[in-house]
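K.L.:
When the letters of the sequence shown are read in order and numbered with our numbering, they come out as residues 5 to 88. Note that the Cβ used here is the ideal one computed from N, Cα and C, for glycine as well.
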Amino acid sequence: MVLGIDHIELIVRDVDEFVEFYEKLGFEVLLRTAHHGGSAELKLPGENQPVLEIHSATGEESIGINHIAFKVANAQEAYDDVVS
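(1) Provide the residue(s) that pair with Glu57 in DSSP beta bridges, ordered along the chain.
(2) With DSSP collapsed to three states, give me the class of Ala73.
(3) Is it buried or exposed, Val19, if we count other Cβ atoms within 10 angstroms and call 16 or more buried?
(4) Since Glu51 is in the beta strand (DSSP E), which residue starts that stretch and which ends it?
(5) Does Glu21 come out as helix, strand or coil in the three-state DSSP assignment?
(6) Within a Cβ cutoff of 7 Å, which residues of the same chain sit near Asn52, ignoring the five residues on either side of it in sequence?
(7) Looking only at its own chain, which residues have a Cβ that is under 8 Å from the Cβ of Phe22, when we skip the five neighbours before and after it?
(8) Determine the DSSP secondary structure at Glu65, reduced to helix, strand or coil.
(9) If I'm right that Glu24 touches Val33 with Cβ under 8 Å, what's the distance once you round it to whole angstroms?
As structure tokens, then:
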């Protein structure tokens with residue numbers, strides 16, 4: 005059973021532009037790195053908020069949502085439930 009969203013990863017052309025945009029919406033920057041040619045992790049204030057991971061497109065990556073990661077109590081049980 006899904007308990008919530010852990011994180012959402014976005015692939016963008018300009019990390020700085022997106023960080024500035026999300027900061028204006030109230031997101032806090034947790035981390036900035038050179039990973040993937042530039043990346044950032046942000047979240048809204050408060051408990052149990054999902055992390056928004058943003059990184060620059062590299063190679064043949066497509067711009068947009070890369071993935072959404074869900075929180076579960078037990079990954080193996082969640083997998084078994086989905087594939088059964």
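P.N.:
Reading off the structure:
(1) Glu13 and Glu45
(2) strand
(3) buried
(4) Looking at the DSSP string, Glu51 is not in any beta strand (DSSP E), and its letter there is neither H nor E.
(5) helix
(6) Gly8
(7) Leu14, Val16, Ala44 and Ile58
(8) coil
(9) With a Cβ gap of about 10 Å, Glu24 and Val33 do not count as contacting.
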